[in-house]
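**Student:** Dropping the structure in here first, questions after.
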Amino acid sequence: AHIKVLPETVWNEAKESKTLTLVNPHNATADVKLRARSYLHANCRHCHRSNGGGGSTIELDASFDLAGMKAVGVKPTQGTFGITEAQIISPGDPFRSVLLYRMSKLGKGRMPYSGSSLVDVQATQLIREWIEGLQTSSDDSSFTVLRLRSQQRNLLADSVQIEDQDFVSQKLQEILGTTSGALLLLDALDRMPMSEQMKAQIVQLGTQGKSPLVSDLFERFLPEDQRVKRLGLKIDHGALLAIQGDAREGKKLFFEMSGLQCRNCHRVHQHGKELGPDLTQIGKKLSRAELLENIIEPSKKIDEKYYTHVVETRSGKVFSGVLIKKDDSGITLKDSKNELLQIAPGEIESVVVQKKSIMPEQLFRDLTAEQAAHLLAYLESLK
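Per my numbering, the sequence shown starts with residue 1, numbered consecutively.
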């Protein structure tokens, strides 16, 4: 408008339109709500938005109100990680909130997913404070959750005040017996004044427990050489294929491991969901080496019926997914959330076919070599 390319009315309308204001999440003088929403907007919304490629239905764009986020008071669709009556964001109770848990852990299921291998402690404290301050209603927490949280806080208070080490160890192990308790204890470790001996005891008990749902939270306190050796992005195919996996362990991982989403897109013997290919007889079709290649690089060899279709509507909306149907009634896609999207012919502006799988790449990144070998052994056994 300034250089007369566009009419002056465009400039005036732009000035009058509502603009989104973000703040520095680390600015302690700013409003906690704005800081938290700005952090999520900058670090998470690129996937967690409509057709952003994330597998969940939440909207972390800061322009949405709490209801529009589809996360507050909402049950998670990608796993509860053992949290009692879990919600993505549980108003007033950060330790029931899967969002905080996934930001606080290392390993499988960690968020943000891309380019993040360290826990941002400042950010987790910010999100905890924001969730804690969200307005609750009488329906937000059941008696079971309230009683559990009260027990956990009492156990923590006893642990800090009593000097008997055996007694303290017993109380700490009781807290660590649940995921929410472990998250509460992690928060205490980050914020509460306590002796170095107490801190060391918490880290030892937290990292040596049997449940990875708990140990993943405390792993960040260990020296690098003592942490779980995960495959990462540079995987030695030959070395991995040389490991003898256990198909029974692989089956457990496929159907039960939190954060591993194979079952959300693939079916085996009528179990799982039908977005990608049925894997019931995948061991007949692909060797173990081919299975590994398909998991790490899902778009390298892909059946055209699983190509990603991107549809832009006349109103400017963009939808993507696997093509289910295309006829005179329009186009039907199935998206990464396994939901059907129906677009009428009159709404379609353009359709672009991408020779790219809807399946994310590098799904073995956060697994150990042994876990990956078990999973490959299970898939190879499906004949």
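Backbone N, C-alpha and C define an ideal beta-carbon position, used for all residues, glycine too.
Because the structure is a prediction, the values reported are computed rather than measured.
Quick check on the burial criterion: 16 or more other C-beta atoms within 10 angstroms. Buried or exposed for residue 102?
**Tutor:** Buried.
**Student:** Give the range of the alpha helix (DSSP H) segment to which residue 190 is assigned.
**Tutor:** Start and end: 179–191.
**Student:** Near residue 20, which residues of its chain fall below 7 Å by C-beta distance, leaving aside the five closest residues on each side in sequence?
**Tutor:** Only 62 and 63 meet the Cβ criterion.
**Student:** Buried or exposed: which applies to residue 78, given that a residue is buried once 16 or more other Cβ atoms fall within 10 Å of its Cβ?
**Tutor:** The residue in question, residue 78, is buried, as its Cβ has 16 or more Cβ neighbours within 10 Å.
**Student:** Given this structure, state the Cα-to-Cα distance separating residue 147 from residue 194, to the nearest angstrom.
**Tutor:** Straight-line Cα distance between these residues: approximately 25 Å.
**Student:** Can we say the region 221–240 touches the region 339–348, given the rule of at least three CB pairs closer than 8 Å?
**Tutor:** Too few Cβ pairs lie closer than 8 Å, so no.
**Student:** According to the Cβ coordinates, are residue 295 and residue 322 closer than 8 Å?
**Tutor:** Going by C-beta atoms, residue 295 is not nearer than 8 Å to residue 322.
**Student:** Starting from the N-terminal side, write out each stretch of the beta strand (DSSP E) that is 3 residues or longer and does not extend beyond the region 318–357.
**Tutor:** Those beta strand (DSSP E) runs which fall completely within the region 318–357 and span 3+ residues are 318–327, 330–334, 340–343 and 348–354.
**Student:** Do residue 343 and residue 331 come within 8 Å of each other at the CB atom, strictly closer than that value?
**Tutor:** Yes, the pair counts as a contact, with Cβ atoms nearer than the cut-off.
**Student:** Can you tell me whether residue 50 is helix, strand or coil according to DSSP?
**Tutor:** Coil, per DSSP.
**Student:** Specify the secondary structure class of residue 97 as computed by DSSP and reduced to three states.
**Tutor:** Note: residue 97 maps to strand in three-state DSSP.
**Student:** Under three-state DSSP, which class holds residue 17?
**Tutor:** Note that residue 17 has pLDDT 48, beneath the 50 cutoff, so the model's placement of it is unreliable and the number below is only indicative. In the structure shown, residue 17 sits in coil (DSSP, three-state: anything other than H, G, I, E or B).
**Student:** Have a look at 130, 33 and 170 and flag the residue whose alpha-carbon is nearest the alpha-carbon of residue 205.
**Tutor:** When each option's Cα is compared against that of residue 205, the closest is 170.
**Student:** Alpha carbon to alpha carbon, what distance is there between residue 45 and residue 161?
**Tutor:** C-alpha separation (whole angstroms): 42 Å.
**Student:** Nearest-angstrom Cα distance between residue 132 and residue 375?
**Tutor:** Using only the alpha carbons, I get a separation of about 38 Å.
**Student:** May I ask which residues mark the beginning and end of the beta strand (DSSP E) holding residue 207?
**Tutor:** Careful: residue 207 lies outside any beta strand (DSSP E), inside the alpha helix (DSSP H) at 196–208.
**Student:** Assuming residue 118 and residue 35 make a contact with CB atoms under 8 Å, what is their CB distance in whole Å?
**Tutor:** Not really, about 20 Å apart at Cβ, beyond 8 Å.
**Student:** Can you give me the C-alpha to C-alpha distance between residue 181 and residue 251, rounded to a whole angstrom?
**Tutor:** Computed Cα separation, rounded: 28 Å.
**Student:** To the nearest angstrom, how far is it from the Cα of residue 30 to the Cα of residue 183?
**Tutor:** In a straight line, the C-alpha of residue 30 is about 26 Å away from that of residue 183.
**Student:** Consult DSSP for residue 59 and reduce its assignment to one of helix, strand or coil.
**Tutor:** Looking at residue 59 - three-state DSSP - the assignment turns out to be coil, as it is neither helix nor strand.
**Student:** Roughly how many angstroms separate the alpha carbons of residue 301 and residue 69, rounded to a whole number?
**Tutor:** One C-alpha to the other measures close to 36 Å.
**Student:** Could you check which residue in 151, 338 and 97 has the C-alpha nearest to that of residue 134?
**Tutor:** Closest option to residue 134, Cα to Cα, is 97.
**Student:** Cβ of residue 264 versus every heavy atom of the ligand SAH: is any distance shorter than 7 Å?
**Tutor:** Ligands are entirely absent from the displayed structure, and the ligand SAH is therefore not among its contents.
**Student:** Roughly how many angstroms separate the alpha carbons of residue 264 and residue 197, rounded to a whole number?
**Tutor:** Going by the C-alpha atoms only, they are around 43 Å apart.
**Student:** Verify whether the separation of the beta carbon atoms of residue 28 and residue 245 is less than 8 Å.
**Tutor:** No. Outside cutoff.
**Student:** Return helix, strand or coil for residue 1, following the three-state DSSP convention.
**Tutor:** Confidence in residue 1 is poor, its pLDDT being 47 and thus under 50, which makes the residue's placement unreliable; the coordinate value appears in the next sentence. It is coil, neither helix nor strand.
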